[in-house]
Amino acid sequence: MRITISGHHVEVTEAITDVINSRFAKIANHFPSLMSLEVILKVDKNSQKIEAVTNYENMQIAVSAKDDDLYIAIGSCVKKMEAALQHRKGVLKANLHSKIKAA
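Adding 83 to a residue's 1-based position in the sequence shown gives its number in my numbering.
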């Protein structure tokens, strides 16, 4: 999976890149059809924000997390992304089953 990391008012260091790659690599193992992920880091007044956007099975999924500590925000964003992908996967599996109408 290709992960694109960009920063808005923040310098993306090697340590931040390593943490993001290692955390989102776990999601890539669970969802091998994911091709790319875009991560945007932002710094507002006294708070760090991370946004992650990807496409999964023809649907765009975007999540964001905000915290005082960037690394906590990254962990929260990973959890939200995994939950959103699991939800989408469940919706797709539910649509595969045909409903039998009672006569």
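Glycine included, each C-beta is placed from N, C-alpha and C at the ideal position.
Computed from a prediction, not measured in an experiment: that's the story for all the values here.
Looking only at DSSP bridge pairs, what is residue i linked to?
i           : result
residue 138 : 143
residue 87  : 121
residue 132 : 125, 149
Could you give the DSSP three-state label for residue i: helix, strand or coil?
i           : result
residue 92  : coil
residue 119 : strand
residue 152 : coil
residue 125 : strand
residue 107 : helix
Considering only the beta carbon of each residue, do residue i and residue j sit closer than 9 Å?
i           : j           : result
residue 163 : residue 148 : yes
residue 122 : residue 110 : no
residue 86  : residue 107 : yes
residue 135 : residue 146 : yes
residue 168 : residue 117 : yes
Under the assumption that residue i contacts residue j (Cβ atoms under 8 Å), give the Cβ distance between them as a whole number of angstroms.
i           : j           : result
residue 92  : residue 132 : With 8 Å as the limit, residue 92 and residue 132 do not qualify as a contact, their Cβ atoms being about 10 Å apart.
residue 130 : residue 150 : 7 Å
residue 137 : residue 159 : Not really, about 16 Å apart at Cβ, beyond 8 Å.
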